[in-house]
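Start counting the sequence shown at 222; every next residue gets the next number (this note's numbering).
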Amino acid sequence: MNHAIEDLTAKPPLLEDPTYPGRTGGYVARITGKLLQEAAIAGHRQLFLPSPTSATSSCVYLGSDARGTPLCEVPGEFYAAVFSRIKTLFSPDAVDDAGVRIVAYGGCSFAISITAPLAEHCGASLSIRPAGVDEVDAKDGG
């Protein structure tokens, strides 16, 4: 098969192998943290998580919707729990007055906020930026 065709049809990498032996208590919290940390440190500024719709694995996308590039795949049995945890972590009760939660990864602080697309069933979009950088500077790259 042509490598270019393989690249277009290849699935994104699994966030974590579902056979990981430590899947007992705290697994969803751990893989949710891993997703957020890896995205922030890699410089990804927007993630989209589609609403959980089936028992099959779901992808997390770069960008504001499912038209973005798939970043990773979360095993379906855990996707609904990861989606729910993210919505809880960035709910109005868990963020500051500006709708932001500050988290630290790799010695840097990041401001993360969540927005729901107009159609609630579509999913949730996360905005990730270095803390202290306002939205205009973040969009301009500096």
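All residues carry an ideal CB built from backbone N, CA and C; glycine is no exception.
### Query
Residue range of the alpha helix (DSSP H) that L256 falls in?
Y248 to I262
### Query
Under a Cβ-count criterion, where at least 16 other Cβ atoms within 10 Å of its own Cβ denotes burial, should P313 be classed as buried or exposed?
exposed
### Message
At the level of alpha carbons, what is the spacing between P271 and G254?
### Response
18 Å
#### Entry: E298 classed as buried or exposed, judged by whether at least 16 other C-beta atoms fall within 10 angstroms
exposed
### Query
Is the segment 326 to 333 in contact with the segment 257 to 272, if contact means three or more CB pairs nearer than 8 Å?
yes
### Query
Would you call the segment 282 to 296 and the segment 261 to 270 in contact, with 3 or more CB pairs under 8 Å?
yes
### Where the beta strand (DSSP E) containing S348 begins and where it ends
G344 to P351
#### Entry: Helix, strand or coil at E237 [DSSP, three-state]
coil
### Query
For the alpha helix (DSSP H) that contains V303, what are its first and last residues?
G297 to L310
### Message
Measuring straight from C-alpha to C-alpha, what distance separates L435 and G344?
### Response
With the chain running from 222 to 363 in the structure shown, residue 435 is simply not present.
### Query
Between the C-alpha atoms of L310 and L292, what's the straight-line distance to the nearest angstrom?
20 Å
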